[in-house]
Amino acid sequence: MPMNQSMRCLNILVIDESLILDLLNKSLTYFGHSVFAFNDIVKALKVYEVNPLNFDVIIIDQKYLDILKSLPPFNNDDDATTLIKNHFDRIPHIPFLIWGENIQSTELKFSNETSLYLLNKNYNALKTIGNWLSDVAEEYLTISDVNKENENPVYQLIYASKAVDNLGENDLIAILTMARKFNQLSYITGMLIYHHGFFLQIIEGEKADIIDLFYSQITNDKRHHHISVFNEGYALKREFPNWQMGFYGTNDHETYSLLGLTDFKNHPAGQFFRRHLTQIQKHFLHFELDDFDYLPCLILITDINGIILKANSELLRLIGKEREDVEGKSINELLPPASRIFLQTHVWPMLCHQENVNEIHLKLCGQDHARIPVILNCKKGIFEGIESYFWTFFVSIERDKFEVEILESQRRTESMLKTIFHISPNGYLLVDDSHRILFANDMIARLIEHSVNDLYALSSHQFWNSLARHSQKNFSIPQEIGETHYIDLIKPRLIKLMCSMQPIVLSNGNALGSLFYFNDITKEEESNRIKSEFLTHASHELRTPLALIHGYSELLDNGIVSVESQSSITHMIYEQSTWLIAMVDELLDLHRIETRAGIGFEKYNYLLTDLIHETLAEFAVPNGRQAIGLSLPPELKNIELYVDKIKFKQVIFYIIDNAYKYSSNKGRVSLYASFNNANNTLDIEITDEGIGVAETDIPHLFERFFRVDKSGNIPGIGLGLTIAKEIMMFLNGEIHFKSLPNQGSQVVVRFYL
Amino acid sequence: MDFIKRNNVCIQGDGDAILLYAHGFGCSQAMWNRITPAFNHSHKQILFDYVGSGQSDLSAFNVERYSSLNGYAQDVIDICDTLNLHENVTFVGHSVSCSIGLIACLLRPQLFNQFILIGASPCFINFPPDYMGGFEREDLVDLLALMDQNYLGWANYLSPIVAGEQQNGAISGELSDSFCSTDPLVTKTFAKATFFADNRDEFARVHKPCLILQNSHDSLTPVSVGEYMHRQLKNSQLTIFDIAGHCAHMSHPALVIDAMKKNFCLQSDTR
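Taken in order, these protein sequences are the chains called R and W.
Counting from 1, one number per residue, gives the positions in the first sequence under the numbering used here.
Counting from 1001, one number per residue, gives the positions in the second sequence under the numbering used here.
Right, here's the structure in full:
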């Protein structure tokens, strides 16, 4: 016998009516009670060293169901079918076939996990199986030839039966012939004969001899030899642990067995069957998805590797493919790349982990490269006896559009608000009831010198503590709406904050958290200070000439001034009112420049040297002061400036005027111009030897009404440099100021050419 | 910082030899639970979740750090440093973790003695004609959109409408304990770092023994990628399983365990 240790066959266990009755009897012997469910039959079979779970297919007589229905707890209950179904569901992995005359396919509604097959005649069932095996054998042979494997296919039919009424010798011969047809018997090397479970004889020999002996056995007089297939199995297991049973037959009232002693473990044929089990089952398992075809969802059944076993018509219609193009292929082939990745990274791990997924958005490949949005629910189960996944897809085109819109809108809002919060000078801090920071903008992060990311790792307590360390003095945290507290920070810079709180309540009434709002009022405070200073200065500056005018005009009005003095008083009034007008003009000028933003400037190209000479010629050097020291390098002679001449002169006047005003009588004022080739800029530099400016005052120099001279001895209202700076903005230039107290100042008027 | 807590480090098993398991994108250390029982008696096994995944401390997540695989490699190094591991660690990585492990190896050459690489890919993007990672860049952009859409429904997170950088564990809802990470920002950051990475050069610089376990039908990493890695990694073995899917350690744990055991025998024989 060509023994091959790696052989494996498709194991089919047939349990017919007589066996069931036998099992019922035996179960009384072994268990003390009658079997009524398949679980118990499984246990009973184990007594015979036959484990149905090791078989690839189990065929059960319909009679079994009838028996089940008649026994407790079913007792022919109307719901017996459902109850039995539940019993079947407990036996996973094994496809069941049921045949019988008395039930219709519609009578028993098995779950997807239970395979159902009905035949009217036992004999027909056997023939069908025989034919089917024969077909498969041919198919396998073809494959075998292609693979050049010099091995014959091996199949094994284990038929457990006793005294089947309508199965006579001729039938047996027919079955044997059928078996021979697919080389079943080529492996038969021996025969075992038992009587009532006791070992009688084991005969080993050539196949032909054994078959002859079998025929003689079933036709001779030894009819009292009662043989049980299970006992054979038991003995076989003992004698030949690696061997499996072969064929079993019966004749009239007695039963004989013919055994093919083989070891089919891991045989390629077995592997082939494993791979093609689904296809094999189709030969006689008429379980179809027809009912599902009418459902308005897409249904797929795959094996645990994602190979498609079934697809309903709705799915095929939608993706525009034929059944043959889909079944047997991987589910990946239905998905575009992004969905394939998502399947691998999310869906499969979840399925492996928890055996189901729900509400997953995916896309299917439709016709003409279309992408069909779907929502997937998937769970693990048993389909036709094998572990499978059941996939249901719901087309979600409208929902997909809606969600894409929501996401897009969310992104837009996100970008918009992010920018707003990012540039906002105010701080926003959202804290939940557990003191976690839900949101903080950049300004908040800057306050405590953190990055926004780091901020989220803090609790709100940590934030407030950190803020307290930056603060000059203790402050309170607002607890109620309308409560406002001031916080003076000393680092990273001097900031005055106004902090208030607003709870955020969702539409369902739940509180999201408390929003703390930080308003930086440093500038506001500064503005108030400037206004206040302005009022002081302006009232002082305006009142002095006004008081003089008022006083002198009162004198004139009273007629107590001599005629000689009248002229000088009138002149005084004229001078003071001229000063007043000049001051008001400056205010108006600044306002005009600011509001008109340079409109109305009459800009032309002028030679720089001409401009400077003309400006200095018009400037009235104060009495007793040295003229301006001028230095214009020769290379500047062709440089032109594109400016409004009057405004240009105004800027230079203000700066020269300040230079004289803020320096002693002996102090020199000089003007120097230079051209920077690298930057293409022209600098007009005016220096003095005056009192200079304290470093802390420099940032405020260009603020309106700011006065370096706090005493008020030096005339002026603090608008000159402000106006000069405003004008330079519209002349494409800027003003820089360098100074040290008592060492004079240097003002650079820079033009970008 | 307590890295053990941050990365939810779990240690199991007895033995001198050390196995460090690094999960792939989208999952957590739970994905190893079909492998670890096989080595409980022979190895000390260290499992962890990357920051942002599994039961890690979400508040430690930082977009900047975790926008590149180096940030994740630093997680690996932090854990080893904390556990006082300086050499002879066997790194078992799945998918993107293989790249992370090899990056960590370049940062700490003495730390690892060998690598088990399951479903690895140095780069998912096609760069024809030299390299075909399996996907076009647009496919990966689609993936991010798909993730957005899924996370819209999955995670009941405080809307990042305002933050755009919301990340502090506000997702304390029922899904936070689930197997797949559910924080949209974390996952998207990890996805970008994973799928847009190109670590082909890094692979070529690793000379440690590597066992590449490649599935014959892996829709994420084609066999050609496995063969490419085999060529790049100078001291590597390539084992191809005739199976489908990307998670052999979950779907076919016996195959992976067997390959690992054989590899350990081989490594100890050659040592």
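Even glycine gets a Cβ: it sits at the ideal position worked out from N, Cα and C.
Here the structure is a predicted model, which means the values were calculated and not measured.
query = Just checking, does the region 501-521 of chain R make contact with the region 419-430 of chain R on the three C-beta pairs under 8 Å criterion?
reply = yes
In terms of alpha-carbon separation, which member of R/F653, R/R668, R/N742, R/L458 lies closest to R/D432?
R/L458
**Report entry** Distance, R/L334 Cα to R/C378 Cα
**Finding:** 15 Å
Could one say the Cβ of W/D1139 lies closer than 9 Å to chain R's Cβ atoms, at least one of them?
-> yes
- Taking Cβ positions, are W/S1236 and W/C1210 nearer each other than 9 Å? yes
*Proximity test, Cβ basis, 9 Å: R/Q344 and chain W*: yes
- Per DSSP, which residues does R/E640 bridge with? Please list them. R/L607
Selected residue, minimal CA-CA separation from R/M501, among R/R469, R/K666, R/P478: R/P478
Identify the contact partners of W/H1246 in chain R, using a Cβ-Cβ distance below 8 Å as the criterion. Q344, T345, W348
Secondary structure at R/H435, three-state DSSP: helix, strand or coil?
coil
message: Can you find the residues in the same chain that come closer than 7 Å, C-beta to C-beta, to R/H537, ignoring five residues on each side of it along the sequence?
response: F705, R707, I717, G718
| said: Just to make sure I have the definition right: I need the residues of chain R whose C-beta is within less than 7 Å of the C-beta of W/C1027. Which are they? | reply: P349
Next on the checklist: When you compare the region 1236-1249 of chain W with the region 1199-1217 of chain W, are there three or more beta-carbon pairs, one atom per stretch, that lie closer than 8 Å?
Outcome noted: yes
**Item:** Under the three-state DSSP convention, the category R/V561 falls into
**Value:** coil
Next on the checklist: Which residues of the region 294-306 of chain R have a Cβ closer than 8 Å to any Cβ of chain W? Give them in chain order.
Outcome noted: I304, N305, G306
| said: Would you say R/R340 lies against chain W (beta-carbon separation less than 9 Å)? | reply: yes
Which residues mark the beginning and the end of the alpha helix (DSSP H) in which R/P503 is found?
-> From DSSP, R/P503 is part of no alpha helix (DSSP H) but of the beta strand (DSSP E) over 495-505.
### Task
Return the Cβ separation of R/F601 and R/K647 in integer angstroms, given the expectation that the two are a contact with Cβ distance under 8 Å.
6 Å
query = Can you find a C-beta in chain R that's less than 9 Å from the C-beta of W/I1100?
reply = no
Is there at least one non-hydrogen atom of the ligand SAH closer than 8 Å to the beta-carbon of W/P1184? The ligand SAH is absent from the structure shown, which contains no ligand whatsoever.
Q: Evaluate R/L300 with the Cβ neighbour count: other Cβ atoms within 10 Å of its Cβ, from every protein chain shown; 16 or more gives buried, anything less gives exposed.
A: buried
| message | Please list, in chain order, the chain R residues whose beta carbon lies closer than 8 Å to that of W/I1243. | response | N305
(message) Assuming W/T1194 and W/V1096 are in contact, meaning their beta carbons sit under 8 Å apart, how far apart are those beta carbons, in whole angstroms?
(response) 4 Å
ask   = Which residues in chain R sit within 7 Å of W/A1030, going by Cβ to Cβ distance?
value = H353
For W/E1202 and W/I1100, what's the separation of their Cα atoms in angstroms? 10 Å
Same chain, Cβ closer than 8 Å to R/S460, neighbours up to 5 away in sequence not counted: L429, V431, H435, R436, I437
Discussion item. Just to confirm before moving on: does the CB-CB distance between W/V1206 and W/L1102 stay below 9 Å?
Written reply: yes
Next item on the list: Please list the partners that W/F1135 has in chain R, where partner means a Cβ-to-Cβ separation under 8 Å.
Entry: P337, I341
message = Counting only Cβ pairs nearer than 7 Å, list the residues of chain W close to R/N332.
response = S1219
**Item:** As assigned by DSSP and simplified to three states, the class of W/T1221
**Value:** coil
Using a Cβ-Cβ cut-off of 9 Å, state whether W/M1250 counts as contacting chain R. yes
* Asked: Can you name the residues of chain W whose CB is closer than 9 Å to the CB of R/I308?
  -> The contacting residues do not exist; R/I308 stays about 12 Å from chain W at best.
message: Would W/G1071 pass as an interface residue toward chain R - the criterion being a Cβ-Cβ separation below 9 Å?
response: no
What number of angstroms, rounded off, separates the C-alpha of W/G1119 from the C-alpha of R/Q410? 35 Å
Interface partners of R/H361 on chain W, CB under 8 Å: L1146, Q1149, N1150, G1153
Q) Relative to the C-alpha of R/I573, which residue among R/E541, R/L546, R/V561, R/P492 is closest? A) R/L546
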